[in-house]
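Residue 127 in the numbering used here sits at position 98 of the sequence shown; the count goes up by one each step and never skips. Working notes for the structure below.
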Amino acid sequence: MSFNEWLFLILSIVWLMEFLIFKGQRESEKSHSSERKSYYLILFAITITVMASLSFRELSFFTIENASFTWLSLFIYGVGIFLRYWSMLTLKQQFTRHVEVSADKKLVSHGPYRYMRHPLYTALFVIMIGLSSYLASWTGLLITLILVLPALLFRIKLEEGMLTEALGKNYDEWKQQRWILVPWIY
30 MSFNEWLFLI LSIVWLMEFL IFKGQRESEK SHSSERKSYY LILFAITITV MASLSFRELS
90 FFTIENASFT WLSLFIYGVG IFLRYWSMLT LKQQFTRHVE VSADKKLVSH GPYRYMRHPL
150 YTALFVIMIG LSSYLASWTG LLITLILVLP ALLFRIKLEE GMLTEALGKN YDEWKQQRWI
210 LVPWIY
């Protein structure tokens, strides 16, 4: 295996370790069914993206052939993983894999949450861009834009509605000071 393949493997293991290291709180019965559906929608979109990227790479169909692009892809992939871990570490005990809010939880305003409302979703989007790019798949990049991004935006809309309902004016003031996904852009 080449150095970049080893690096990709190591980054992928680090990303997947997230599920062992950051289990988050258990889902309560109060969890909304639309929120659970949004979780599975994101999972489905990611699965389709990875499968399509791998398949089209193996078929050499609609692929990106550029060695420099491979290194850029690994960098993007690594940045996404770093942002994901940083966001989870910042949230500490408040991190969950499902959307659950209550009036007693405090809004986090440091780390990546100083600039973004949803750095975990930003990180996931960046990871998928990096992964699809590394797999040399224009199709994967396209599917990331067509499936993953809308799934993330759908979940953001649900989450922000729940936060506004639970925290009211505090959340409205907090969100006015932050970008949704990408600082200075959106």
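Don't be surprised by glycine CBs; every beta carbon is placed ideally from N, CA and C.
| query | result |
| --- | --- |
| Does the distance from the C-beta atom of Leu-112 to that of Leu-36 stay below 9 Å? | no |
| Please report how far the alpha carbon of Thr-168 lies from the alpha carbon of Thr-99, in whole angstroms. | 16 Å |
| Grouping DSSP H, G and I as helix and E and B as strand, with all else coil, what is Trp-167? | helix |
| Relative to the alpha-carbon of Phe-154, which residue among Ile-50, Leu-170, Leu-192 has its alpha-carbon at the smallest distance? | Leu-170 |
| Does the region 113 to 121 come into contact with the region 146 to 160, if we say contact requires no fewer than three beta-carbon pairs (one atom in each stretch) closer than 8 Å? | yes |
| Just the Cα atoms here: how many angstroms apart are Phe-85 and Leu-118? | 35 Å |
| Return the chain-ordered ranges of every alpha helix (DSSP H) run that is complete within the region 131 to 163 and spans a minimum of 4 residues. | 148 to 163 |
| Please state whether DSSP places Trp-100 in a helix, a strand or coil. | helix |
| Are Phe-73 and Leu-160 touching if we call contact CB-CB under 9 Å? | no |
| So, helix, strand or coil for Trp-213, using DSSP? | coil |
| Using 9 Å as the threshold, is the C-beta distance between Glu-194 and Glu-64 below it? | no |
| Give me, in chain order, the residues of the same chain whose beta-carbon lies closer than 6 Å to that of Val-130; leave out the 5 immediate sequence neighbours on both sides. | Met-191, Leu-192, Ala-195 |
| With a Cβ-Cβ cutoff of 9 Å, do Ile-158 and Gly-109 count as a contact? | yes |
| Mind checking Pro-148: buried by the 16 CB within 10 Å criterion, or exposed? | buried |
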